[in-house]
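Line order of the protein sequences matches chains A and B.
Numbering of the first sequence is given in the working numbering, commencing with residue 57 and proceeding in unit increments.
Numbering of the second sequence is given in the working numbering, commencing with residue 4 and proceeding in unit increments.
Glycine included, every Cβ here is placed at the ideal spot set by N, Cα and C.
Treat the numbers as computed from the prediction; the structure is a model and nothing was measured.
A short write-up of the structure that comes next.
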Amino acid sequence: MRLLPVVPSVLLLLLFMAGPVVWAIVISFSNSALTGRFAKDPEWVGLDNYTRLLADPAFPLSLLLTIAFVIGSAIIGQNLLGLGLALLFGRVNRTTRALVSTAVVAAWVLPEIVAAFAAYAYFADDGTLNQLLAGLGIDGPNWLFEYPMLAVVLANVWRGTAFSMLVYEAALGDVPPEISEAATVDGASGMQRLVWVTLPMIRGAIATNLMLITLQTLAVFTLIWVMTKGGPGVASTTLPIFAYQEAFKFQAIGYGSAIAVVMIVIGAAFSIAYIRALRPEAQR
Amino acid sequence: MRRTRATIAMIAVTAASLALIGCSADSGGDADTIRVVYQKTDGFVALDELFQKVKPEFEEANPGVTVELEPIVADEADYATKLALMQQSPDTAPDVFYEDTFRVRSDVDAGYLLNLDDHLAEWDEWDQFNEGAKEAGRADDGSIYAVPLGTDTRGIWYSKSLLEAAGVALPWEPKTWDEILETARQVKEASPDKVAFNAYAGKPAGEGSVMQGFGMLMYGTDDTLYEADSQKWVTGSQGFIDSLAFIETLYGEGLAPAPDVALDGSMWQKLFGEWFPGGQIAGTIEGSWSPSFWKQGGQYEWPEYVDDIGVAAFPTQNGQGDGAVSLSGGWTLAVGANTGNADASFDFLAMALNKENALEYNIANSQIAVRSDVASDPAYLEANPFIGFFTDLVTYTHFRPATADYPQISAEIQAATEAVMTGQMSPEDAAAAYDEAVVGIVGEENVTG
Chain A
57 MRLLPVVPSV LLLLLFMAGP VVWAIVISFS NSALTGRFAK DPEWVGLDNY
107 TRLLADPAFP LSLLLTIAFV IGSAIIGQNL LGLGLALLFG RVNRTTRALV
157 STAVVAAWVL PEIVAAFAAY AYFADDGTLN QLLAGLGIDG PNWLFEYPML
207 AVVLANVWRG TAFSMLVYEA ALGDVPPEIS EAATVDGASG MQRLVWVTLP
257 MIRGAIATNL MLITLQTLAV FTLIWVMTKG GPGVASTTLP IFAYQEAFKF
307 QAIGYGSAIA VVMIVIGAAF SIAYIRALRP EAQR
Chain B
4 MRRTRATIAM IAVTAASLAL IGCSADSGGD ADTIRVVYQK TDGFVALDEL
54 FQKVKPEFEE ANPGVTVELE PIVADEADYA TKLALMQQSP DTAPDVFYED
104 TFRVRSDVDA GYLLNLDDHL AEWDEWDQFN EGAKEAGRAD DGSIYAVPLG
154 TDTRGIWYSK SLLEAAGVAL PWEPKTWDEI LETARQVKEA SPDKVAFNAY
204 AGKPAGEGSV MQGFGMLMYG TDDTLYEADS QKWVTGSQGF IDSLAFIETL
254 YGEGLAPAPD VALDGSMWQK LFGEWFPGGQ IAGTIEGSWS PSFWKQGGQY
304 EWPEYVDDIG VAAFPTQNGQ GDGAVSLSGG WTLAVGANTG NADASFDFLA
354 MALNKENALE YNIANSQIAV RSDVASDPAY LEANPFIGFF TDLVTYTHFR
404 PATADYPQIS AEIQAATEAV MTGQMSPEDA AAAYDEAVVG IVGEENVTG
């Protein structure tokens, strides 16, 4: 009886959270398609989609691009930049802090499609960046064509840093100043204080932040789709783009779902790694 | 006690909202409403205009029946995806819809289209349709599932002034692929900053990369994509490699638009709106519909096109066979398999395709007519100066392999052209990757070689 109040929320969670995941896994074992005879009567094909995926020459590249995108834009870009900004905020005056954080948060507040168009307009051949460079007398390359991964990584750093910054700002606020002061009295340098005192104390926040931004970045679709459509060729086709292409352009829903399941597995692997690596001391 | 009441309230609210969500979905089985789904873009409003005109006429003739027009604003590939998603459930599937001929068979296999044989047998205007065009709506079981709105043919459109400036003798009538390349190089030399010759390629241009690009090449070689007699897809053909090599040359030598421009899905808009009127492009493969953009009231009005534009048939590889090649596609109207009112849906389709409406639509959209009474109508023949030329190209035309697997194979061809135009793969490697993909789609037993 005591569990009765949670029944509706559990049901909703199962229906709307677990449901699509289970459905994707089920579909990934079929040859379900959007058109053709398998649209009407999909057949159970066992692991065919997965063996086809492993043999698909496009898959290793896509996997590599996805990991590069996550490491470059989330783990290095957003995470370190966010931490850096949060640390700096402890040292600058209130006005600077307000200005900088407004600028950073603004990119995050924008709806994804708007942010994506803004990034497209910035990196496009005749876009803002190249016009600025032209002002300096530099003939900029067509970023979206020649350096598509760099462009989407930078765009995602720009868009997502605010989240890490806010998380770290809050976490650093909880670090008692006395401990830092004590370390200073003991003769620790700034770097030593950061590495040996501050970072261990916010280890929980780091784990949470890394996990959230990794999962978010794994799933980024709109930003890349609007900026490069996964191209040129397949040069920026990360797994979400690859799955979309297969499912909705090549009409192979079953195959697309298999790619989606692989993404779920990668996300889970990252999450487990973070939780293990950054478990709070007391629980070790 | 209080908590229980809150729980009950929550369950009630949840149930109510779920019920509401359920209701708000469109009920497709409704017999009094005909839902018409079609494509509309800033460059393609002719069909929207046609349906806006037919709707009140139809509602007046059929009291009690309402026509709901649902234009989908998307390019062709996205339109097809959205339409396919709507058809996943009988509740959202449309009653009448606009369907590309090359998807008819595959969508019939998927069970989306209604068999129209009985309705057509009673339609006295059906014998006005030309026999070749009727085939476009026929499925593997021999029945007709879709009625063509019009067709199209493809050839070379060129700028007389740019070719003249490069010293090319007019009228330009290339007899082989090499002559096209030679002329393009000549243009490039005379005006290095202009596009010398465009053949569409790459995934963003979608089906256009096959129809106004690769396919025009492939069908002019000694090989073919699909052997209709044995019903097998051809792999490992030299023609496929040669066609990709032509695209590689065109893009590699900078004769075509820069790959980054060509890989923007909206390049065709630039081509019609800026490049031809602005004298930025010397030649392209394009379809018979081109004047629809330039004529009075078109999207990129440019009355001078009548004098500046020249047309030529696209040659075969070495001038072999008929010496010329064209591809035809075209769109149809079809009735949904799960329609709640098949008779009214077919009547709407028939009204939209009667002589008066077909004539108006064929002229407005610069389509090649499929009704003989429209094709011989003076208003049609005078619609633009090129319509006669492109109607004659029907002699050389090829239709795409009408099999259920074609849409997926077409997507693989687009991928192959993109790999080649960007220099990511050699023609040989791209052809090999295509062969492998085709085997994956249709199975080892349905390919040659």
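Rounded straight-line distance, which links the Cα of residue j to that of residue i
| i | j | result |
| --- | --- | --- |
| A308/A | P174/B | 47 Å |
| T91/A | E167/B | 48 Å |
| Y115/B | V107/B | 9 Å |
| E448/B | S86/A | 21 Å |
| L228/A | D242/A | 21 Å |
| V328/B | T400/B | 6 Å |
| G140/A | L334/A | 19 Å |
| A190/A | V264/B | 20 Å |
| T273/A | I315/A | 16 Å |
| G324/B | P318/B | 10 Å |
| V338/B | E102/B | 10 Å |
| M4/B | P61/A | Residue confidence for M4/B is low, a pLDDT of 45 falling below 50, so the modelled location carries little weight; the figure read from the coordinates is stated next. Each residue's Cα considered, the two are about 12 Å apart. |
| R340/A | A80/B | Residue confidence is low: R340/A scores 44 on pLDDT, short of 50, so the model does not pin down where it sits. No coordinate-derived value is stated. |
| S375/B | F132/B | 6 Å |
| L137/A | L192/A | 27 Å |
| Y148/B | E307/B | 41 Å |
| M428/B | S92/B | 41 Å |
| A169/B | W297/B | 24 Å |
| G343/B | G323/A | 45 Å |
| D21/A | L200/A | The shown model of chain A, from 57 to 340, leaves out residue 21/A, and the question about it has no answer. |
| A28/B | Y82/B | Here the model assigns A28/B a pLDDT of 43, short of 50, so the residue's position is not dependable, and the following value carries that caveat. For A28/B and Y82/B, the distance between alpha carbons rounds to 20 Å. |
| S30/B | I284/B | Note that S30/B scores a pLDDT of 44, beneath 50, so its modelled location is shaky; the value from the coordinates is reported in the next line. Roughly 49 Å separates the two Cα atoms. |
| D195/A | L185/A | 10 Å |
| L396/B | A316/B | 8 Å |
| P430/B | A124/B | 49 Å |
| K197/B | G282/B | 8 Å |
| A157/A | E52/B | At residue 157/A the sequence reads Ser, which differs from the Ala that was named. In a straight line, the C-alpha of S157/A is about 51 Å away from that of E52/B. |
| I75/B | Q301/A | 20 Å |
| R215/A | G75/A | 30 Å |
| Y303/B | K273/B | 10 Å |
| P256/A | L143/A | 14 Å |
| D97/A | G310/A | 12 Å |
Burial state of residue i, where buried means 16 or more other Cβ atoms lie within 10 Å
| i | result |
| --- | --- |
| Q55/B | exposed |
| F349/B | buried |
| L368/B | For clarity, residue 368/B is Asn in the given sequence; the question names Leu instead. N368/B should be labelled buried. |
| P116/A | exposed |
| W160/B | buried |
| T107/A | exposed |
| V160/A | buried |
| L67/A | exposed |
| V77/A | exposed |
| N135/A | buried |
| I258/A | buried |
| M47/A | Residue 47/A falls outside the range modelled here, since chain A spans only 57 to 340, and no answer is possible. |
Within 8 Å, strictly: CB atoms of residue i and residue j
| i | j | result |
| --- | --- | --- |
| Y229/B | T104/B | no |
| V341/A | S118/A | Nothing about residue 341/A can be reported from this structure: the residues present for chain A run from 57 to 340 only. |
| A261/A | I331/A | no |
| T252/B | L184/B | yes |
| N295/B | G286/B | Reading the sequence as shown, one finds Ser at residue 295/B and not Asn. No, they are not a contact pair. |
| A239/A | V253/A | yes |
| V282/A | Y176/A | yes |
| F243/B | M221/B | yes |
| L86/B | F100/B | yes |
| P97/B | V57/B | no |
For residue i, the residue or residues it bridges with in DSSP
| i | result |
| --- | --- |
| K273/B | In DSSP, K273/B forms no bridge with anything. |
| E73/B | V40/B |
| V66/A | V66/A is not bridged to any residue. |
| N201/B | T287/B |
| A327/B | P318/B |
Inter-stretch contact at 8 Å, needing at least 3 Cβ pairs: the region 287-298 of chain A / the region 120-127 of chain A = yes
ask   = For the 8 Å Cβ check, are there 3 or more pairs between the region 221-241 of chain B and the region 200-209 of chain B?
value = no
message = Would the region 34-51 of chain B count as touching the region 63-74 of chain B if we require 3 or more Cβ pairs under 8 Å?
response = Enough Cβ pairs lie closer than 8 Å, so yes.
inquiry  = When you compare the region 264-284 of chain A with the region 313-327 of chain A, are there three or more beta-carbon pairs, one atom per stretch, that lie closer than 8 Å?
reply    = yes
At least 3 beta-carbon pairs within less than 8 Å: the region 168-183 of chain A vs the region 241-259 of chain B = no
query = On the three-pair Cβ rule with 8 Å, is the region 379-387 of chain B touching the region 356-370 of chain B?
reply = Contact holds between the region 379-387 of chain B and the region 356-370 of chain B, because three or more Cβ pairs, one in each stretch, are under 8 Å apart.
query = Are the region 216-225 of chain A and the region 145-164 of chain A touching by the rule of at least three beta carbon pairs closer than 8 Å?
reply = Using a C-beta cut-off of 8 Å, the region 216-225 of chain A makes contact with the region 145-164 of chain A, since at least three inter-stretch Cβ pairs fall below that distance.
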